[in-house]
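> Here it is, the structure, as structure tokens.
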Amino acid sequence: MAPGKKNAARLGAHLVFVDESGFLLIPPVRRTWAPTGQTPLLRHWQRHDRISVISGLTVSPRRQRLGLYFQLHDQNIHAAEVCGFLRDLLRHLRGPLILLWDGGKIHTGPLVRALCAEFPRLHLERFPAYAPELNPDEGVWTLAKGRLANGRPDNPGVLWAQLFVTLLGIRHSPRLLRGCVTQSDLPPFLR
140 MAPGKKNAAR LGAHLVFVDE SGFLLIPPVR RTWAPTGQTP LLRHWQRHDR ISVISGLTVS
200 PRRQRLGLYF QLHDQNIHAA EVCGFLRDLL RHLRGPLILL WDGGKIHTGP LVRALCAEFP
260 RLHLERFPAY APELNPDEGV WTLAKGRLAN GRPDNPGVLW AQLFVTLLGI RHSPRLLRGC
320 VTQSDLPPFL R
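Residue 218 in the working numbering sits at position 79 of the sequence shown, and the numbers go up by one each step.
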């Protein structure tokens, strides 16, 4: 373990599980109820407008309080947006941060390396390749897409508003956040 990581562990670092996802105007379809013999119809736009979201599910070092931070973008997320999100996390969370995420290309570029050099309290760790089941933040996407399923937003602005309200609802529910952590394949670590 590197010297900086030993200090982070000793001081009690926030754990931050980070992931990105996209939401389309074409809604995810889920099983639903309908009167017998009447197949439910879901009419939607054939537009492929999307909203990209980056989020971080956080675990505080001492009390193990769970939090959710997120940013919505109207275009695909690149390294600059990732760095902006990490800067916001660093502003909101005190002390060392151990950030766990996948090995995506936008997580390894020169902008991210420069940010780590600027903020030595930020420690980046990668999940093993092809192991989304380890990242509790994937549970956030499952919840959000389930709540938005079978909906039909008329335009990206409506989708943005629905998504924002949905993510706020998840953020304010410790039970749902805890469920995201416990449903992952991480070894149990919450009290």
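Think of the CB as a built atom: it goes at the ideal place given N, C-alpha and C, for glycine as much as any other residue.
Less than 9 angstroms between the C-beta atoms of A218 and H246, yes or no?
Against a cut-off of 9 angstroms, the Cβ pair of H246 and A218 comes out as a contact.
> Classify E257 as buried or exposed, calling it buried when 16 or more other Cβ atoms lie within 10 Å of its own Cβ.
Label assigned to E257: exposed.
> How is F328 classed by DSSP in three states: helix, strand or coil?
It is coil, neither helix nor strand.
> Considering Cα atoms alone, identify which of T321, R252, L325, L163 is closest to C222.
Selected option, being the one with the closest Cα: R252.
> Just to confirm, are S194 and L207 a CB contact at a threshold of 9 angstroms?
Contact flag set, yes.
> Which residue's Cα is closest to the Cα of P295: Q210, I165, D158?
Here the closest residue by C-alpha is I165.
> P333: which of C319, Q301, K284, G285 sits nearest, CA to CA?
Since the first residue of the chain shown is 140 and the last is 330, residue 333 is not available in this structure.
> Using the Cβ count rule (16 or more neighbours within 10 Å means buried), how would you classify T321?
Label assigned to T321: exposed.
> Check the DSSP bridge columns for V198 and list the partner residues they point to.
DSSP lists L154, L205 as partners of V198.
> Measure the C-alpha to C-alpha separation of V279 and L254 and round it to an integer number of angstroms.
Cα to Cα, V279 sits roughly 26 angstroms from L254.
> For S312, which beta-bridge partners are listed by DSSP?
For S312, which the question treats as bridged, DSSP gives no partner whatsoever.
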